[in-house]
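One structure is given here, and the rest of the page talks about it.
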Amino acid sequence: MEHLNTTLFLLINAASNRPPAWLGQFSYFFAQDFIWVVPLGLVIGWLRGSTHTKQALVLAALSGLAGLLVNQLIGMVWDHPRPFVLGLGHTLIAHAPDSSFPSDHLTLIWSVAFAFVLQPRWRRIGTLALLAGLPIAWARIYVGVHFPLDMAGSLAVGVLAGSLAHALRNSLGLSTYQWMAMLYRQVCAPFIRRGWFVA
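One point on numbering: in my numbering, the residue at position 119 of the sequence shown is 121, and numbering is uninterrupted.
Right, here's the structure in full:
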């Protein structure tokens, strides 16, 4: 398995430390910056969305947090070195030499995606989020900070986190939404009264 993991990594990873400018910028954007679409989308959706939308977003956020927590637990049990720690390939971005498995970036977006996929009304959004994770997976390998197996691990964790959030939607999900909605209406009351945010 590790041999296959390394072989696939070397096939996908950048051929040199100086790739073409457009390719370097493209890979950097998806490896580092694109992930901010997730929290930004959740916040905007909450501020402008209906009650039903807010409840769906809470489940997605809980799923994302659960996925990241599972990743931390896995890292404590199995500290898998990153490619650059092993002297493999080319590394295009700076990164801490912590455990590579699974990828936090991909786990976050796919945990959120699966939470949406399991809600029929939001399945299309979830599918788009799953597809959006593919260039992230490629980019994290291309810039040299992850192995392909790390992405497979993120897929498994995303399914687990999304399923857990869906199973708890009527208990933890509902109570979390109610608490957040109450806090939101208190803190953002002036903006809600002006019609800038949706109650």
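Glycine residues also receive a C-beta, built at the ideal position from the N, C-alpha and C atoms.
Chain-order list of residues whose beta-carbon lies under 8 Å from that of residue i (same chain, five-residue window excluded)
i: G77; result: D100, S101, F103
i: N19; result: H92, T93, L94
i: M153; result: P104, S105, L108, A139, R142, I143
i: L59; result: L44, G47, W48, G51
i: G175; result: Q57, V60, L61, L64, A167
Supposed contact pair residue j and residue i - C-beta distance, whole angstroms, cut 8 Å
i: G91; j: L13; result: 10 Å between Cβ atoms; not a contact.
i: A141; j: A17; result: With a Cβ gap of about 15 Å, A141 and A17 do not count as contacting.
Chain D within 8 Å of residue i, Cβ atoms only
i: L6; result: Looking at the structure shown, chain D is missing, and only one protein chain is on hand.
Residue i versus residue j: straight-line alpha-carbon distance, rounded
i: A98; j: T178; result: 33 Å
i: Q188; j: L88; result: 51 Å
i: P21; j: L61; result: 40 Å
i: L170; j: A23; result: 46 Å
i: Q57; j: S173; result: 12 Å
i: V45; j: W198; result: 14 Å
i: L6; j: L120; result: 32 Å
i: F193; j: Q74; result: 37 Å
i: D35; j: A96; result: 14 Å
i: T8; j: G155; result: 15 Å
i: E4; j: V200; result: 50 Å
i: W80; j: A191; result: 46 Å
i: R195; j: N15; result: 52 Å
Same chain only: Cβ atoms within 6 Å of residue i, ignoring 5 sequence neighbours per side
i: V72; result: V159
i: A117; result: L61, A62, S65, G164, A167
Beta-carbon proximity list for residue i, same chain, < 7 Å, skipping 5 on both sides
i: I111; result: I37, V40, A131, A134, G135, I138
i: L157; result: W112
i: T129; result: V119
Option nearest residue i by Cα separation, candidates the options
i: G69; options: G197, V161, V119; result: V161
i: L10; options: R195, R196, L151; result: L151
i: L42; options: V114, N15, R196; result: V114
Subject >> Stretch-stretch touch, CB-based, cutoff 8 Å, three pairs: the segment 141 to 148 with the segment 76 to 91 >> reply: Cβ pair count under 8 Å is three or more, so yes.
Original post:
Do the segment 51 to 63 and the segment 176 to 191 touch if we need at least three Cβ pairs shorter than 8 Å?
Top reply: Under the Cβ criterion (8 Å, minimum of three pairs), the segment 51 to 63 counts as touching the segment 176 to 191.
**OP:** Examine the Cβ distances between the segment 152 to 169 and the segment 57 to 65 and report whether three or more of them are shorter than 8 Å.
**Re:** The segment 152 to 169, when compared against the segment 57 to 65, does touch it at the 8 Å Cβ threshold.
Original post:
Is there contact between the segment 118 to 131 and the segment 16 to 34, where contact requires at least three CB pairs shorter than 8 Å?
Top reply: Touching, no, given that fewer than three Cβ pairs across the two stretches are closer than 8 Å.
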